[in-house]
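For reference, the structure discussed in these notes is given below.
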Amino acid sequence: MKKHFATHDTFVLEKVYNFTPEVVFAAWADPELKAKWFTEAEEFDFRVGGLEINHGGPPGGPVYTFKAHYQEIIPDHRIVYSYTMDLDETRISVSVATVEFKQIDEGTHLIFTEQGAFLDGHDTAAVREHGTSILLDQLGEQLKNNQELRVSSGVTEIINSPEPISDREIVNTRIFNVPREIMFKAFSDPNHLEKWWGPEGFTNTFHEFDMRPNGIWRFIMHGPNGVDYENKSIFSEIIEPEKIVIHHLGPIHEFLLTITFAEKEGKTELIWKMLHKSVNECEKVRSFCYKANEQNFDRLEAELTKMVRGLQH
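The opening position of the sequence shown corresponds to residue -16 in this note's numbering, with each subsequent residue numbered one higher.
Pasting the structure below:
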C-alpha cells in the first residue's frame, strides 16, 4: 500500500530589479508580459477571486498543471495567490505564494514567499525553490531586454485618457538665445539642472539622476517656506538634443512632461507640455503651474547665461 504523507515547508526568494515597482508589477499583471518569462496562460483573470491556469512540461509528457486563485492584489505593492500543482492526474502540492514589491533606490526589491504542502514525495520545497528562482531570473532578463516592459503603465493611462489632450495640457514656450546643444546640456547635466529647476526661491537636492529610458530621477525641492517636497520621476524618452519625456510620479500631482528643443537660426525654442490624466486634475494646478513654469524659465535663462560665459573664457 502506498504511503501518503504531506511535507510542510516554506522558502523565501529575494531579487533586486533596476526597474520601478510599477514596471515589475505590470510584468505579473499583464498576461502578454507574464507569458514572456513565466508560461503562457490558458486562462488569466487578474483580480481578487480570479483564476490563472497553465500547463507545461517536456515533449511527450508528463504534463504539469498550475492552477492559481488570486486572494489579494494591491497594485505595485503585493500579490497573494493560492495554487495547486498537478503532475498529469496526480496532485503534488498545494501552496500559498506572496509576492511583495518594495521600492528601493536601485529600483524594486522583490520578495517571493511560498508556504507549501508537498504531497507524497512527488515534489519538495528545494526543487520548487530552484525552479521559482529560475523563473524570477527570467523575469529579470525580460525586464532588461523587452522595451515594452520599460514603459510605466501610468504613461499609457495618461496618454489614453478619453478627455481631449488640449484640455488636459499646460503649455509654456520661450525662445532662448543659445544653441540647442547648450540648452540640452542645461537639462542633461545634473550640476546645471539642480541650479535652476523649480520656481523662484526653490533649491534642490538630487539623490538619483539616471537620464536614460526608464531611468529614475529622485530629488527633494526645498521651498522658500521651509517645506521640503519629495519628487520622483521616470525618464520615458530621450532624443538628444531634440526631446526629453518625463513621467512625474508625484507626490502632489502626476503628469507626463514633454520638453522639445526646436532650432531657430542659432536660437532654441523651448516647448514645455505637461499632460495630466484628467481635465479636473489639470485645472486644479493650471494657474499655479503656468506661473511656476515661467519662473523656471527665468532661472534657466540665468543659468544659460553663466554657461555661455564659461565657454567664452
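Cβ atoms here follow ideal geometry from the backbone N, Cα and C, with glycine treated the same way. Just so you know, these numbers come straight off a predicted model, no measurement behind them.
At which residues does the beta strand (DSSP E) containing residue i begin and terminate?
| i | result |
| --- | --- |
| M194 | No beta strand (DSSP E) contains M194, which DSSP labels as neither H nor E. |
| T(-10) | A(-11) to Y0 |
| L70 | R61 to L70 |
| L93 | G90 to L102 |
| T22 | T22 -> no beta strand (DSSP E), and no H or E assigned at all. |
Following the continuous alpha helix (DSSP H) through residue i, name the residue where it begins and the one where it ends.
| i | result |
| --- | --- |
| F8 | P4 to A12 |
| E223 | It is not in any alpha helix (DSSP H) - E223 carries neither H nor E in the DSSP assignment. |
Check whether the Cβ atoms of residue i and residue j sit closer than 9 Å, and answer yes or no.
| i | j | result |
| --- | --- | --- |
| I227 | T241 | yes |
| V(-5) | E124 | no |
| V291 | I153 | no |
| T159 | E284 | The question names Thr, but residue 159 in the sequence shown is Phe. Yes. Within cutoff. |
| F27 | P41 | no |
| R111 | S144 | no |
| G99 | S76 | yes |
| L239 | S270 | no |
| F192 | G198 | yes |
| T22 | K50 | no |
| F202 | N187 | yes |
In the DSSP assignment, what residue or residues form a beta bridge with residue i?
| i | result |
| --- | --- |
| W200 | F192 and S216 |
| K85 | H92 |
| S78 | Y66 and G99 |
| A245 | E252 |
| Y53 | Y64 |
| D281 | Its beta-bridge partners do not exist; DSSP assigns none. |
| M257 | I153 and L240 |
| D211 | H205 |
| T73 | L70 |
Quick test of your reading: residue i and residue j, contact by CB under 8 Å. State the CB separation rounded to the nearest angstrom.
| i | j | result |
| --- | --- | --- |
| D59 | E140 | The pair is not a contact, with the Cβ atoms about 13 Å apart (cut-off 8 Å). |
| L70 | H105 | 6 Å |
| D(-8) | F101 | 7 Å |
| F95 | L119 | 6 Å |
Is residue i near the ligand FAD, in the sense that its beta carbon is under 8 Å from a heavy atom of that ligand?
| i | result |
| --- | --- |
| C272 | This structure lacks the ligand FAD; in fact it carries no ligand of any kind. |
Please classify residue i: does DSSP put it in a helix, a strand, or coil?
| i | result |
| --- | --- |
| Y47 | strand |
| T107 | coil |
| R298 | Nothing about residue 298 can be read from this structure; the chain reaches only from -16 to 296. |
| N187 | strand |
| E140 | helix |
| H175 | helix |
| R299 | The first residue shown for the chain is -16 and the last is 296, placing residue 299 beyond what the model contains. |
| H113 | helix |
| G39 | strand |
| D120 | helix |
| L16 | helix |
| V228 | strand |
| L132 | At L132, the pLDDT of 46 sits below 50, so the modelled position is not reliable; the number obtained from the coordinates is stated separately. Looking at L132 - three-state DSSP - the assignment turns out to be helix. |
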